[in-house]
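Residue numbers (the working numbering): 152 to 487.
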């Protein structure tokens with residue numbers, strides 16, 4: 152036989168110690184072969200003798216007798232033994248981890264008992280049902296608005312949520328405004344009349360009268376991400392307000408969003424004709440319902456009511472009998 156040289160030199164390889172060590176399958180197989188029985192050892196001895204004879208004579212290289220048959224029984228026993236050892240190791244490790252977790256659970260129970268904390272997995276409190284604002288307060292909201300476009304929705308929500316939620320509104324005047332006018336001053340007075348209940352979840356709103364084109368809200372002072380439009384401000388406050396006015400899980404979710412979109416378009420109509428057309432769309436959405444959200448008041452009603460107040464050109468003659476009746480019912484809630 153030809154002698155082959157070593158292709159790679161012998162290097163000392165340092166194995167990492169932060170990983171599990173895997174068994175060498177080849178070495179384990181050799182160890183098992185030594186105790187497998189006479190058939191395997193005799194096969195190996197026969198193979199070595201045939202190899203010695205093949206070195207002396209090239210005629211026996213292709214001799215079929217020089218090849219040892221594969222012992223499938225021995226190979227099966229080797230594989231079963233390896234699998235058995237690995238399974239036992241994994242099972243022992245798993246039992247150890249489960250025991251440690253059980254001990255940790257007992258320790259946490261003792262700490263909870265020592266602190267007097269409720270043993271329930273989740274504590275259902277009134278504050279959580281109303282948005283969780285008592286435990287995790289929201290960022291203060293800043294709204295920039297022009298006195299000609301008064302955000303009546305703030306007053307409407309404050310009155311509608313009187314017994315559920317508190318919106319504490321403080322007003323300031325920017326240097327760009329010389330005078331805010333009588334309507335804005337009356338609006339401030341009406342806001343101050345609504346008491347602030349400290350027992351209810353609260354969000355602080357700062358209203359700044361400013362010479363700006365659109366009403367904008369800033370919910371993140373550090374990032375300065377504005378939300379434009381009174382309708383979108385209503386959507387935001389509806390999501391962080393009381394659970395009774397959250398509409399994402401309602402089957403009328405898309406309907407409420409559509410009504411708010413109509414209000415957004417109504418506030419941007421330039422002619423009386425287009426304004427009346429938007430009012431007709433609102434009448435179709437109301438149909439024979441008590442409110443735009445069904446049988447109960449919703450943020451959609453707040454948006455429509457505030458939008459109609461901001462459109463003095465729309466009179467009772469432009470409203471349908473259904474909208475006139477709805478406005479009387481809504482006025483009892485929003486008190487504007």
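We put the CB at the ideal spot given by N, CA and C, even for glycine.
- Query: In the structure shown, what three-state DSSP assignment does residue 442 receive?
  - Reply: As a first step, residue 442 must be located in the chain shown, where it is residue number 291. Residue 442: strand per DSSP, three-state reduction.
- Item | Residue environment, residue 326, which counts as buried when at least 16 other CB atoms sit within 10 Å | The residue you call residue 326 lines up with position 175 of the chain shown. Residue burial annotation: residue 326 is exposed, with fewer than 16 other C-beta atoms found within 10 angstroms of its C-beta.
- Message: Could you check whether residue 331 and residue 298 sit closer than 9 Å to each other, using their CB atoms as the reference points?
- Response: Here residue 298 refers to the residue found at position 147 of the chain shown. Here residue 331 refers to the residue found at position 180 of the chain shown. It is a contact, given that the beta carbons lie within the stated cut-off.
- 4 or more residues per run - each alpha helix (DSSP H) lying fully within the stretch 356-404: Fully enclosed alpha helix (DSSP H) runs of 4 or longer: 381-391.
- Item | Endpoints, the beta strand (DSSP E) within which residue 294 is located | Translated into the one-based positions of the chain shown, residue 294 becomes position 143. Unbroken beta strand (DSSP E) run through residue 294: 292-296.
- Query: Name the DSSP beta bridge partners of residue 324, please?
  - Reply: Taking the first residue of the chain shown as position 1, residue 324 is located at position 173. Residue pairing for residue 324: DSSP places it in a beta bridge opposite 360.
- Message: With three or more C-beta pairs closer than 8 Å as the rule, is the stretch 449-457 touching the stretch 411-421?
- Response: Yes, they touch.
- Message: Do residue 310 and residue 345 have their beta-carbon atoms positioned less than 9 Å apart in this structure?
- Response: Along the chain shown, one-based indexing puts residue 345 at 194. Along the chain shown, one-based indexing puts residue 310 at 159. Taking 9 Å as the Cβ cut-off, residue 345 and residue 310 qualify as a contacting pair.
- residue 465 in three-state terms, based on DSSP: One-based indexing of the chain shown puts residue 465 at position 314. Three-state DSSP puts residue 465 in coil, outside helix and strand.
- Query: Exposed or buried, residue 230, counting other C-beta atoms within 10 Å across all chains shown (16 or more means buried)?
  - Reply: Here residue 230 refers to the residue found at position 79 when the chain shown is read from its first residue. So residue 230 counts as exposed.
- Message: Measuring only the C-alpha atoms, how far is residue 260 from residue 251?
- Response: For this step, residue 260 is matched to residue 109 along the chain shown. For this step, residue 251 is matched to residue 100 along the chain shown. In this structure, the straight-line span from the alpha carbon of residue 260 to that of residue 251 is close to 14 Å.
- Within the chosen definition, does the stretch 311-319 reach the stretch 383-397 through at least 3 CB pairs nearer than 8 Å? Yes, the stretch 311-319 is in contact with the stretch 383-397.
- Message: For residue 360 and residue 466, what's the separation of their Cα atoms in angstroms?
- Response: Start at 1 with the first residue of the chain shown, and residue 360 comes out as number 209. Start at 1 with the first residue of the chain shown, and residue 466 comes out as number 315. About 27 Å.
- Task: Could you tell me which residues DSSP puts in a beta bridge with residue 353?
- Result: If you number the chain shown from 1, residue 353 lands on position 202. Per DSSP, 317.
- Would residue 302 be called buried (16 or more neighbouring beta carbons within 10 Å of its own) or exposed? On the chain shown, position 151 is the one that residue 302 refers to. Looking at its Cβ environment, which holds 16 or more other Cβ atoms inside 10 Å, residue 302 is buried.
- Task: Please state whether DSSP places residue 163 in a helix, a strand or coil.
- Result: Locating residue 163 in the chain shown gives position 12, where the first residue counts as 1. Correct three-state label for residue 163: coil.
- Query: In whole angstroms, what separates the C-alpha of residue 163 from that of residue 170?
  - Reply: To locate residue 163, count along the chain shown from 1; it is residue 12. To locate residue 170, count along the chain shown from 1; it is residue 19. The straight-line gap from Cα to Cα measures roughly 19 Å.
- Would you mind reading off the limits of the alpha helix (DSSP H) that contains residue 335? Position 184 of the chain shown, counted from the start, is the residue given in the question as residue 335. Where residue 335 is concerned, the enclosing alpha helix (DSSP H) stretches over 333-344.
- Looking at the structure shown, is residue 477 part of a helix, part of a strand, or coil, going by DSSP? The residue given as residue 477 occupies position 326 in the chain shown. Of the three classes helix, strand and coil, the one that applies to residue 477 here is helix, per DSSP.
- Message: Just verifying my parser: in three-state terms, what is the DSSP assignment at residue 447?
- Response: Within the chain shown, the letter at position 296 stands for residue 447. The answer is coil: DSSP assigns residue 447 none of H, G, I, E or B.
- Message: With a threshold of 7 Å on Cβ separation, who are the neighbours of residue 179 within its own chain once the five nearest residues in sequence on each side are excluded?
- Response: Walking along the chain shown from the start, residue 179 turns up at place 28. Residue confidence for residue 179 is low, a pLDDT of 46 falling below 50, so the modelled location carries little weight and cannot support an answer.
- Under the rule that 16 or more other beta-carbon atoms within 10 Å means buried, what is residue 294, buried or exposed? Locating residue 294 in the chain shown gives position 143, counting from the first residue. Flag for residue 294 reads buried.
- Can you grab the Cα-Cα spacing for the pair residue 249 / residue 228, in whole Å? On the chain shown, position 98 is the one that residue 249 refers to. On the chain shown, position 77 is the one that residue 228 refers to. Near 32 Å, if we compare the C-alpha coordinates of residue 228 and residue 249.
- Task: Compare the C-alpha of residue 457 against each of 446, 468, 390, 484 and name the closest.
- Result: Translated into positions along the chain shown, residue 457 becomes position 306. With distances taken between Cα atoms, residue 457 lies closest to 484.
- Who are the Cβ neighbours of residue 153 in its own chain at under 6 Å, not counting the five residues just before and after it? Indexing the chain shown from 1 puts residue 153 at position 2. Result list for residue 153: empty, nothing under 6 Å.
- Taking only beta-carbon positions, decide if residue 366 is within less than 9 Å of chain C. Here chain C cannot be found, since the structure has a single protein chain.
- Please name the residue in 447, 381, 296, 378 whose C-alpha comes closest to that of residue 321. Reading the chain shown from its first residue, position 170 is the one you call residue 321. When only C-alpha atoms are compared, the closest one is 296.
- Query: What's the C-alpha gap between residue 253 and residue 264?
  - Reply: Walking along the chain shown from the start, residue 253 turns up at place 102. Walking along the chain shown from the start, residue 264 turns up at place 113. Rounded to the nearest angstrom, the two C-alpha atoms are 17 Å apart.
- Query: Does the Cβ-Cβ distance between residue 433 and residue 474 come in under 9 Å?
  - Reply: In the chain shown, counting from the first residue as 1, residue 433 sits at position 282. In the chain shown, counting from the first residue as 1, residue 474 sits at position 323. Against a cut-off of 9 Å, the Cβ pair of residue 474 and residue 433 comes out as a contact.
- Message: Just to confirm the assignment, what range does the alpha helix (DSSP H) spanning residue 310 have?
- Response: Taking the chain shown and counting its residues from 1, the one referred to as residue 310 is at position 159. The continuous alpha helix (DSSP H) containing residue 310 extends over residues 303-311.
- Let me know the secondary structure DSSP gives residue 410 once reduced to three states. Position 259 of the chain shown, counted from the start, is the residue given in the question as residue 410. DSSP places residue 410 in helix when its eight states are reduced to three.
- For residue 356 versus residue 292, is the C-beta distance shorter than 9 Å? The residue labelled residue 356 in the question sits at position 205 within the chain shown. The residue labelled residue 292 in the question sits at position 141 within the chain shown. In contact: residue 356 and residue 292 (Cβ atoms closer than 9 Å).
- Query: Between 481, 384, 362, 168, which lies nearest to residue 443 when the distance is taken from Cα to Cα?
  - Reply: As a working note, residue 443 is residue 292 in the chain shown. Check the Cα spacing between residue 443 and each of 481, 384, 362, 168: the tightest is with 481.
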